[in-house]
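Enquirer:
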Amino acid sequence: MSTKVDIAIIGGGLNGLVTGAYLAKTGRSVTIFEQSDSVGGTMSTVEIGPGFRGPAALDSIDLVHPSIIEDLNLRQNGLRMIRGGGLILASSSGRGLYLDSASSLSDQIASFSQIDEKAFLELDAFLARIGKALDPVLTRPLKNPKTDGLSGAFDLMKVGWALRKLGQREMPEALRFLPMTVQDVLDERFESEYLKAMIAATALKGSWLAPRSAGSAYGLLHHNPHWAKGLNRTTIFAEGGPGALSDAVAAAARSAGASIRTDARVTKIIVEAGLCTGLTLESGEHIQADRIISALDPRTTFESLTGQDWLDPDFMERVRQIRSHGSVAIVRLALDRAPQFTCAPEGSESISGRIQIGDSLQYIEKAFDAAKYGQIPDAPLLMASIPSIMDPTLAPTGKHVMIIWAATMPSQLREGNWDDEKEALGDRIVGILDQHAPGLRASVVHRQVETPADLQKRFGLTNGCIYHVDLALDQLLYMRPIPGWFRYDTPIERLHLCGAGVHPGGAGTGLSGKCAAEHIARL
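Count along the sequence shown starting at 1, add 1, and that's the number in this note's numbering.
Quick look at the structure:
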């Protein structure tokens with residue numbers, strides 16, 4: 002059986018859906034092929050137990066670029082946004098540090114350090130200014146001065162001018178900042194280990210980096226973009242879970258004329274004489290397509306789907322050299338009551354955003370040291386949320402769901418395998434949480450544990466890397482995913498990439514999908 006489509010998109014995660022929606026709005030005929038029975042990928046909502054639903058991987062929609070919400074009319078397509086709380090640190094001493102966008106922010110920081118209060122606000126403003134200056138290259142397709150002529154050169158000139166406008170003191174500081182370790186950035190500015198740990202954790206979120214890793218300071222820009230209002234932003238949830246965002250984008254795509262096929266796993270991209278002509282589904286169905294766009298990670302696309310007959314050996318060597326480390330294990334809990342954290346005696350409001358366990362830079366570095374050597378850290382960095390506090394649709398009345406990101410995990414274990422260790426990891430994480438929220442262990446009625454190996458199987462992520470390609474300085478901008486191929490094109494004619502592994506990268510922004518659509522629409 003053979004079917005003909007104009008544009009076929011492989012993968013119905015957030016970026017694939019965004020690309021499809023934008024291209025459909027230009028009048029192109031688009032079909033999106035998703036391997037699972039629902040869209041969303043890592044930005045989806047799953048059942049944890051009867052009556053309990055929670056995030057598959059990404060728990061919030063903080064980082065979605067506002068232009069995507071507006072351009073695709075996501076609110077009109079069913080998206081309901083819920084503002085949660087900020088970030089609370091559950092320290093080993095039992096004392097909590099709470100950061101949000103409220104007027105109490107300065108008082109919270111000042112209670113630990115008067116110096117840090119001023120330094121925090123200064124860093125927040127500094128990052129916003131750098132982010133605004135770099136906006137043309139961090140939120141749009143990169144221009145190539147060699148092929149785009151004056152247009153490409155002008156875009157780079159705008160960035161240079163914006164950086165120059167930072168002033169004689171701040172421009173060199175901005176250029177110095179980007180390759181620094183996040184520990185150096187924070188040690189220069191702050192006294193409180195608690196505050197440094199909180200800021201560092203946002204920079205390192207889900208990446209294969211530690212506080213002392215070169216270039217880790219860049220994460221402060223990537224995970225705290227200026228449109229999200231900096232370091233002190235609150236958490237934004239989608240009512241019904243993160244899958245509601247993906248459903249809204251899917252609705253926008255369909256309303257623009259796109260088709261979405263679920264349970265449609267692509268097993269092969271067909272290439273003839275260097276030209277992409279179609280794809281094959283697991284069912285055996287052959288799809289002819291004028292253009293194919295892969296939202297999968299680059300290594301999966303080229304190593305598993307296209308084959309290497311039409312690819313230059315040097316190109317494939319570059320692909321094999323892409324670093325993609327899965328560093329996150331995910332634990333989902335269904336709870337029969339709200340947890341009571343000792344760091345939040347005032348109640349649920351302060352734990353309605355994110356909860357961090359990992360109260361010093363040394364704590365985080367030590368956890369990463371274990372992961373580097375293929376070991377499960379005794380005390381991993383934990384980032385948790387309880388979205389049901391703000392969204393009661395996720396759990397029965399009086400009950401809750403909790404999702405925990407256990408960061409600083411190895412994608413592969415040095416000894417043993419993840420299938421044998423995953424439940425022990427779940428026990429360890431619940432035990433750590435129980436120390437900070439006594440009685441939590443006893444309140445668990447359902448539990449799911451997914452390791453980097455599980456994320457690879459479930460979402461098709463190389464090594465379980467949620468960013469598809471590690472967020473390292475040598476794998477960003479003009480080098481993402483590999484040097485020379487930063488424009489969403491590939492050596493195979495009419496085959497393109499639109500996933501998190503292409504510029505600007507990351508997870509949960511939708512910008513890779515939007516930028517890819519903008520580029521492809523011009524072809």
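Ideal Cβ placement from N, Cα and C applies to all residues, glycine included. Everything numeric in this text was worked out from a predicted model, so none of it was measured.
By the 10 Å Cβ neighbour count, where 16 or more other Cβ atoms means buried, how is residue 360 classified, buried or exposed?
Expert: The residue labelled residue 360 in the question sits at position 359 within the sequence shown. Residue 360 should be labelled buried.
Enquirer: Tell me which residues share the same chain as residue 59 and place their Cβ nearer than 7 Å to its Cβ, disregarding the 5 neighbours each side in the sequence.
Expert: What you label residue 59 is simply residue 58 of the sequence shown in a count that begins at 1. 43, 44, 243, 508 and 509, listed in sequence order.
Enquirer: What is the DSSP secondary structure of residue 177, reduced to helix, strand or coil?
Expert: Taking the sequence shown and counting its residues from 1, one reaches residue 177 at position 176. Reduced to three states, the DSSP call for residue 177 is helix.
Enquirer: According to DSSP, is residue 289 part of a helix, a strand, or is it coil?
Expert: Translated into positions along the sequence shown, residue 289 becomes position 288. If DSSP states are grouped into helix, strand and coil, residue 289 belongs with the strands.
Enquirer: Please state the DSSP three-state secondary structure of residue 493.
Expert: To locate residue 493, count along the sequence shown from 1; it is residue 492. If DSSP states are grouped into helix, strand and coil, residue 493 belongs with coil.
Enquirer: Extract the residue ranges of the beta strand (DSSP E) inside the stretch 285-341, only unbroken runs of 3 or more that lie entirely within it.
Expert: Here the runs fully enclosed are 287-295 and 330-336.
Enquirer: Whose C-beta lies closer than 6 Å to the C-beta of residue 334 among residues of the same chain, with five residues either side of it excluded?
Expert: For the purposes of this step, residue 334 is taken as residue 333 along the sequence shown, with counting starting at 1. If we look at residue 334 and ignore the five residues flanking it on each side, its Cβ neighbours are 403, 445 and 448.
Enquirer: Among 130, 409 and 88, whose alpha-carbon lies nearest the alpha-carbon of residue 167?
Expert: One-based indexing of the sequence shown puts residue 167 at position 166. The candidate whose alpha carbon is nearest that of residue 167 is 130.
Enquirer: Rounding to the nearest angstrom, what Cα-Cα distance links residue 257 and residue 427 in this structure?
Expert: For this step, residue 257 is matched to residue 256 along the sequence shown. For this step, residue 427 is matched to residue 426 along the sequence shown. One C-alpha to the other measures close to 43 Å.
Enquirer: Helix, strand or coil: which one does DSSP assign to residue 505?
Expert: Position 504 of the sequence shown, counting from 1, holds the residue named residue 505. Correct three-state label for residue 505: coil.
Enquirer: Thinking just about the alpha-carbon of each residue, which of 246, 31, 436 and 455 is nearest to the one in residue 94?
Expert: Within the sequence shown, residue 94 is the residue found at index 93, counting from 1. If we check each option's Cα against that of residue 94, 436 comes out closest.
Enquirer: With H, G and I counted as helix, E and B as strand and the rest as coil, what does DSSP make of residue 40?
Expert: On the sequence shown, position 39 is the one that residue 40 refers to. DSSP places residue 40 in coil when its eight states are reduced to three.
Enquirer: Taking just the CA atoms, how far does residue 460 sit from residue 299?
Expert: The residue labelled residue 299 in the question sits at position 298 within the sequence shown. The residue labelled residue 460 in the question sits at position 459 within the sequence shown. Rounded to whole angstroms, residue 299 to residue 460 spans 14 Å at the Cα level.
Enquirer: Do you know offhand how far residue 51's Cα is from residue 241's?
Expert: On the sequence shown, position 50 is the one that residue 51 refers to. On the sequence shown, position 240 is the one that residue 241 refers to. Spanning the two alpha carbons is a distance of roughly 15 Å.
Enquirer: Hey, how far is the Cα of residue 40 from the Cα of residue 117?
Expert: For the purposes of this step, residue 40 is taken as residue 39 along the sequence shown, with counting starting at 1. For the purposes of this step, residue 117 is taken as residue 116 along the sequence shown, with counting starting at 1. Going by the C-alpha atoms only, they are around 43 Å apart.
Enquirer: Is there a Cβ of chain B sitting closer than 8 Å to that of residue 394, yes or no?
Expert: Among the chains in the structure shown there is no chain B, since it carries only a single protein chain.
Enquirer: With a CB to CB cut of under 8 Å and the five nearest residues on each side skipped, what residues in its chain are close to residue 262?
Expert: Residue mapping note: residue 262 aligns to position 261 of the sequence shown, counting from 1. Only 32, 33, 34 and 35 meet the Cβ criterion.
Enquirer: Please report the distance separating the alpha-carbon of residue 219 from that of residue 210.
Expert: Position 218 of the sequence shown, counted from the start, is the residue given in the question as residue 219. Position 209 of the sequence shown, counted from the start, is the residue given in the question as residue 210. Whole-angstrom Cα-Cα distance: 11 Å.
Enquirer: Are residue 383 and residue 331 touching if we call contact CB-CB under 8 Å?
Expert: Sequence index remark: in the sequence shown, residue 383 carries index 382 (1-based). Sequence index remark: in the sequence shown, residue 331 carries index 330 (1-based). Not a contact, by the Cβ cut-off of 8 Å.
Enquirer: For the pair the stretch 72-86 and the stretch 414-423, tell me if three or more CB-CB distances fall below 8 Å.
Expert: Flag = no, the stretch 72-86 and the stretch 414-423 do not touch.
Enquirer: What would DSSP say about residue 226, mapped onto helix, strand or coil?
Expert: If you number the sequence shown from 1, residue 226 lands on position 225. Of the three classes helix, strand and coil, the one that applies to residue 226 here is coil, per DSSP.
Enquirer: May I ask you to report which of helix, strand or coil DSSP gives residue 56?
Expert: In the sequence shown, the residue the question calls residue 56 occupies position 55. It is a strand residue.
Enquirer: What is the DSSP secondary structure of residue 486, counted as helix, strand or coil?
Expert: As a first step, residue 486 must be located in the sequence shown, where it is residue number 485. If DSSP states are grouped into helix, strand and coil, residue 486 belongs with coil.
Enquirer: When you compare only the Cα positions, how much space is there between residue 476 and residue 482?
Expert: In the sequence shown, residue 476 corresponds to position 475, counting from 1. In the sequence shown, residue 482 corresponds to position 481, counting from 1. Approximately 6 Å between the Cα atoms of the pair.
Enquirer: Rounded to whole angstroms, what's the CA-CA distance from residue 378 to residue 364? Just pull it up for me.
Expert: On the sequence shown, residue 378 is found 377 positions in, with the first residue counted as 1. On the sequence shown, residue 364 is found 363 positions in, with the first residue counted as 1. Roughly 10 Å between the two C-alpha positions.
Enquirer: Would you call the stretch 509-521 and the stretch 300-308 in contact, with 3 or more CB pairs under 8 Å?
Expert: Cβ pair count under 8 Å is below three, so no.
Enquirer: Nearest by alpha-carbon distance to residue 478: which of 462, 496, 493 and 501 is it?
Expert: Sequence index remark: in the sequence shown, residue 478 carries index 477 (1-based). Per the Cα distances, 501.
Enquirer: Please confirm whether residue 521 and residue 135 have their CB atoms less than 8 Å apart.
Expert: As a first step, residue 521 must be located in the sequence shown, where it is residue number 520. As a first step, residue 135 must be located in the sequence shown, where it is residue number 134. No; because the gap between Cβ atoms is not below 8 Å, this pair is not in contact.
Enquirer: Please classify residue 162 as buried or exposed, where buried requires at least 16 other C-beta atoms within 10 Å of its C-beta.
Expert: Walking along the sequence shown from the start, residue 162 turns up at place 161. Counting Cβ neighbours within 10 Å, residue 162 comes out exposed, since fewer than 16 surround it.
Enquirer: Does DSSP classify residue 77 as helix, strand or coil?
Expert: For the purposes of this step, residue 77 is taken as residue 76 along the sequence shown, with counting starting at 1. Reduced to three states, the DSSP call for residue 77 is coil.
Enquirer: What beta strand (DSSP E) runs, 3 residues minimum, are completely inside the stretch 94-131?
Expert: With a minimum length of 3 residues, the continuous beta strand (DSSP E) runs that stay inside the stretch 94-131 are 97-100.
Enquirer: Residue 447 bridges to which residues according to DSSP?
Expert: One-based indexing of the sequence shown puts residue 447 at position 446. Answer is 335.
Enquirer: Could you check which residue in 486, 68 and 270 has the C-alpha nearest to that of residue 315?
Expert: Along the sequence shown, read from residue 1 onward, the residue named residue 315 stands at position 314. Cα-wise, what sits closest to residue 315 is 486.
Enquirer: Name the DSSP bridge partner or partners of residue 405?
Expert: By one-based count along the sequence shown, residue 405 stands at place 404. Beta-bridge pairing links residue 405 to 332 and 385.
Enquirer: Below 8 Å between beta carbons: does that hold for residue 352 and residue 514?
Expert: For this step, residue 352 is matched to residue 351 along the sequence shown. For this step, residue 514 is matched to residue 513 along the sequence shown. It is not a contact, given that the beta carbons lie outside the stated cut-off.
Enquirer: Have a look at residue 67 and residue 503 and give me their C-alpha separation to the nearest angstrom.
Expert: Translated into positions along the sequence shown, residue 67 becomes position 66. Translated into positions along the sequence shown, residue 503 becomes position 502. Each residue's alpha carbon lies about 20 Å from the other.
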